[in-house]
Amino acid sequence: QVQLVESGGGLVQAGGSLRLSCAASGSIVSINTMGWYREAPGKQRELVASLTRGGTTNYAESVKDRFTISRDNAKGTVYLQMNSLKAEDTAVYYCNARTWRGSSDWGQGTQVTVSS
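Right, here's the structure in full:
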């Protein structure tokens, strides 16, 4: 099992930047994919970005060219650099870790609010 703790959310003006961090503990070596999801009020949780241990990335179309995901495999951390933030990026952002066996763990979430 993997435990995840996010940090770095907050309030920012439109056009600004934030960097989210997620620290994993527990069975770090079992993690293949780490990613970020978000859930806005009244909407379903959606993938923002993911990154496999081998370096393959996947981004939602709405954040391409604005957000960058990175990770430190040795430390079990994943980051999300968010630039040119828009009001529609406002959501609770959740860190996710998926193991080689296919199990999935979630962090508690961190609020990102972008004021227009």
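Taking the numbering used here, I'd label the letters of the sequence shown as residues 97 to 212.
Backbone N, C-alpha and C fix where the C-beta goes; we use that ideal spot for every residue, glycine too.
Listed in chain order, the non-local C-beta contacts of Ala156 below 8 Å within the same chain comprise Glu142, Leu143, Val144 and Ala145, local neighbours out to five positions each way being set aside. Here Thr173 has Ala119 as same chain residues with Cβ atoms under 6 Å from its own Cβ, once five neighbours each way along the sequence are excluded. Apart from the 5 residues on each side of it in sequence, Ser180 sits with its Cβ closer than 7 Å to the Cβ of Gly111 and Arg162 in its chain, given in chain order.
Cβ contact annotation for Ser123 (same chain, cutoff 8 Å, sequence separation greater than five): Gln97, Val98 and Thr195, in chain order. By the Cβ-count criterion, Thr153 is exposed, with fewer than 16 other Cβ atoms from all chains shown falling within 10 Å of its own Cβ. In the three-state DSSP reduction, Asp161 falls in the coil class, being neither helix nor strand. When C-alpha distances from Ser199 are compared across Leu100, Ser113, Gly105 and Ile127, the shortest belongs to Ile127.
Scanning its chain for C-beta atoms nearer than 6 Å, with the 5 sequence neighbours on each side dropped, one finds around Gln177 the residues Arg115 and Thr164, in chain order. Using a Cβ distance threshold of 8 Å, Val210 and Thr186 count as a contacting pair. Ala170 carries a coil assignment under DSSP once its states are collapsed to helix, strand and coil.
Rounded to whole angstroms, Val125 and Thr206 show a C-alpha spacing of 24 Å.
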